Structure formats: structure tokens, C-alpha cells
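Following this note's numbering, the numbering of the sequence shown begins with 992 at its first residue and continues without gaps. For every residue, glycine included, the Cβ atom is placed at its ideal position computed from N, Cα and C. All of these numbers come straight from a predicted model, not from anything done at the bench.
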Amino acid sequence: MKKVLLIPDSFKGTMSSQEICSIMERVVHGHYPEAKVISIPVADGGEGSVASFLDAMGGQLRHVVVKGPYMEDMEAFYGIVDDGATAVIEMAACAGLPLVGDDKHPDRTTTYGVGQLMLDAVRSGCRKLVVGLGGSATNDAGCGAAAAAGIRFLDASGNEFIPTGGTLGSVAKIDMANLAQEFKAVEIITMCDIDNPFSGPTGAAYVFAPQKGADDAMVRMLDAQMASLAKILARDCGTDVQRIPGSGAAGGMGGGMAAFFGSRLQMGIETVLDTVKFDSLVEGADLVLTGEGKIDGQSLRGKVVIGVARRARSKAVPVIAIVGDIGDDIEGAYEQGVSGIFSINRVAVPFKEAAKRCKSDLELTVDNLFRFFKRMEL
């Protein structure tokens, strides 16, 4: 075995994708010391996405002072990869839920700092932005980010203001004229792994705002604000956000990215594969090892394992999924290009106990697999 690609998702609550890659690589080199091992840790767009891209591609971390969730000054960051051509931004860096602690008020938080990171990136020469949604403390539909980029929001009296989740309904007009010129020559891809609509019973407020601190009354208020904004976005930006799957992601940031910046919403794994140039990396590989915490019927909608398998299948490279747990209805995974699925659960114990031994169980499972490979070569 001369070349192996490692591209696992994290096992939520137990191991990061970087840790999994490290363990897998150690085992592969234990059996095939001369093998070329390429590690591509995967993140879903939330916290840790920048680190994953930098680990996979190299590049640099850029620190910038921006506004935090409550417009306080804070230091945030983004990654620059692909020889300076691409910036990777995770909104959680300055609008993330951990930043507000117990002070959760999705009616008042803002994505303004995210727009500042985007603006810094394009003014630094980046011509492609990859923006990861996830883990947000906000429900402002990306209006804060848009304001930081130069877009003006006016109320019924013509006064300019920066909308938050609780004031979206006050937006009477959106003036796109002053959007920073640099954005017109930039490709923007938004990593979004959900398909929730902008507003309504399965929209941003009803599904995600409670975990950000909203009670039932606030949820209803936030949803009404979103519905009001959607009409203005359709009129002034020419974008019917309610028709865009995923527009409700990250407090409506998905819809805002599409309406304000013309961004394409794309599954996280597809964005990762394109950005790291997976199709080129997999050429000549003997094997791809991927994985996620649990594989089941939901995984077939485009999570990491299936996304990787589809790409590798076109190059006739076998894919093995190493997972924490195997659920029902996984037969379709084989049709998508997965050659085999193996669980690291070696003993029947509750999750809390299994979590304590997950790293050694992963190592033993991969070791077992490569012992088999070596045996088959005899």
C-alpha cells in the first residue's frame, strides 16, 4: 500500500477529526512505513473549521480585532489557504454561542464581526471566501455582517441602523449601493449542512433560537421579525430567501449570505472536498479512510462518509468508513461507493464508558483492518 487518504469527520463529544487522523496515520505507518499518508480533517462549518482547513492545507491564521456578539471589541481570526487566494471564516469566531456564556439574548446579538472578517479578507487580496455557519448566538439573518460590508438598513423614518434579531421588523428599506466594491469580484461559498427555511415552524427562530436563550414568546417574536424581513429582502435584494433550503441556518445567516452577498449555500463536505482539491489528491490512492460518529440513514443525505465515497468512486478508489456506531438503513452507503463499514465499539458498554476508551478502540480497529490487508498480500 503506497498511498492512503484520511478524511474523517469528528466523533462528536469524543474525538476531533485531527485526533482521528493522527491515530489513523500512526497505525498506517506502523504497517506500511513508506506509505504516503494524506490527512484531511473535516469540520462542519462551526467551531474548529478554520483549524481543520489549515491542518489539511497549510496556510496562516490571521487575527483581527472586530465586534463580538454584543458589539464589544474582541480579537477574532480567520484562515488564509491556497497560497493566499482563499479565506476560511467560521462565524463562531466572533458570533458564536460560547462567546456569550449565560448571557443569551438572540434578539440583541449581531453578526457584525463576521462581516468585518469578510471585509478584511477581501481587502487582503483573497478572491474566494469559504464561510462556515454553525454554533451561532445570533438571529439577525446576517444583517450585522451586511452592515459591516457597507449595506445600509433604514427604518420607516429613513434613519440608518444595524438590525438585530429583535429589530428586523423595523427594516423598511435595504440600500445595497454601498456594498464594498471588493465583494463584486469575489466568490463566496457558505458551508451549510441543514435545509431549514428562513421562517415558519421549521425555520431559524422556532428550531434554533431556544438553544440561544429564547423563550416561547421570544421565539414567536423573532419568527415574526424574520417573516417581515423576508419581504424586504425579496423587494430590495431580489432574493426570495424562503425558497432557499438552508436559509434558516445560523439564525437566518444562510439566507443573508445568499441575499446580501450572492453566496451559494453548499454542503460542508462538498465545500471541503472542493477547497482541498480532493479529486486531485485521491488520484493514485490505494485506499480512503473516512468516518463519523454514527452512520445511519440520515448520513445518506450528504454527510462526510457519503460525500467522500461519491467522489472516490469516480476514481475507482475503495473507501472504508470507521465509525462510532452503526444505525439502521445504511445499505445505500454501499451503493454510493463505500466498500466497508466498521464500528470501533469493541465491547457492549454505555456511551459514557465507551467514550473513555474511544481512542484506543479506534487504534485497535484500524490496526485490525490493516493486519487483514497485510495478510491478504501474502
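Assigned secondary structure, residue i (DSSP; H/G/I helix, E/B strand, else coil)
{"i": "residue 1330", "result": "strand"}
{"i": "residue 1173", "result": "helix"}
{"i": "residue 997", "result": "strand"}
{"i": "residue 1002", "result": "strand"}
{"i": "residue 1266", "result": "helix"}
{"i": "residue 1291", "result": "helix"}
{"i": "residue 1365", "result": "helix"}
{"i": "residue 1215", "result": "helix"}
{"i": "residue 1255", "result": "strand"}
{"i": "residue 1144", "result": "strand"}
{"i": "residue 1274", "result": "coil"}
{"i": "residue 1008", "result": "helix"}
{"i": "residue 1021", "result": "helix"}
{"i": "residue 1284", "result": "coil"}
{"i": "residue 1308", "result": "coil"}
{"i": "residue 1121", "result": "strand"}
{"i": "residue 1182", "result": "strand"}
{"i": "residue 1014", "result": "helix"}
{"i": "residue 1347", "result": "helix"}
{"i": "residue 955", "result": "Shown here, the chain extends from 992 to 1369; a query on residue 955 therefore has no answer."}
{"i": "residue 1279", "result": "strand"}
{"i": "residue 1421", "result": "Residue 1421 lies beyond the range of the chain shown here (992 to 1369); nothing can be said about it."}
Distance, residue j Cα to residue i Cα
{"i": "residue 1176", "j": "residue 1118", "result": "7 Å"}
{"i": "residue 1081", "j": "residue 1020", "result": "33 Å"}
{"i": "residue 1111", "j": "residue 1339", "result": "51 Å"}
{"i": "residue 994", "j": "residue 1051", "result": "27 Å"}
{"i": "residue 1279", "j": "residue 1347", "result": "27 Å"}
{"i": "residue 1303", "j": "residue 1071", "result": "26 Å"}
{"i": "residue 1182", "j": "residue 1364", "result": "36 Å"}
{"i": "residue 1232", "j": "residue 1053", "result": "32 Å"}
{"i": "residue 1308", "j": "residue 1269", "result": "12 Å"}
{"i": "residue 1255", "j": "residue 1247", "result": "11 Å"}
{"i": "residue 1236", "j": "residue 1023", "result": "44 Å"}
{"i": "residue 1191", "j": "residue 1205", "result": "16 Å"}
{"i": "residue 1213", "j": "residue 1219", "result": "10 Å"}
{"i": "residue 1069", "j": "residue 1136", "result": "15 Å"}
{"i": "residue 1263", "j": "residue 1044", "result": "8 Å"}
Cβ separation of residue i and residue j, assumed to be a contact under 8 Å, to the nearest whole Å
{"i": "residue 1356", "j": "residue 1333", "result": "6 Å"}
{"i": "residue 1128", "j": "residue 1244", "result": "About 11 Å; that fails the 8 Å criterion."}
When the options are compared against residue i, the one with the closest alpha-carbon
{"i": "residue 1106", "options": "1122, 1089, 1348 and 1178", "result": "1122"}
{"i": "residue 1040", "options": "1124, 1017 and 1027", "result": "1124"}
{"i": "residue 1013", "options": "1027, 997 and 1026", "result": "997"}
{"i": "residue 1160", "options": "1171, 1079 and 1147", "result": "1147"}
{"i": "residue 1238", "options": "1347, 1057, 1008 and 1198", "result": "1198"}
{"i": "residue 1226", "options": "1207, 1087 and 1166", "result": "1166"}
{"i": "residue 1374", "options": "1241, 1029 and 1330", "result": "What is shown of the chain runs 992 to 1369, which leaves residue 1374 out entirely."}
{"i": "residue 1276", "options": "1026, 1016 and 1004", "result": "1026"}
{"i": "residue 1322", "options": "1295, 1315, 1344 and 1289", "result": "1289"}
{"i": "residue 1253", "options": "1064, 1263 and 1229", "result": "1229"}
{"i": "residue 1311", "options": "1083, 1297 and 1067", "result": "1297"}
{"i": "residue 1354", "options": "1337, 1031, 1216 and 1030", "result": "1337"}
{"i": "residue 1179", "options": "1266, 1157 and 1202", "result": "1266"}
{"i": "residue 1150", "options": "1097, 1049, 1089 and 1163", "result": "1163"}
{"i": "residue 1287", "options": "1325, 1060, 1006 and 1066", "result": "1325"}
Beta carbon proximity, residue i to chain C, threshold 9 Å
{"i": "residue 1274", "result": "This model lacks chain C altogether; it includes just one protein chain."}
Enumerate, from N- to C-terminal direction, the unbroken alpha helix (DSSP H) stretches of 4 or more residues contained entirely within the segment 1029 to 1073. 1040 to 1048
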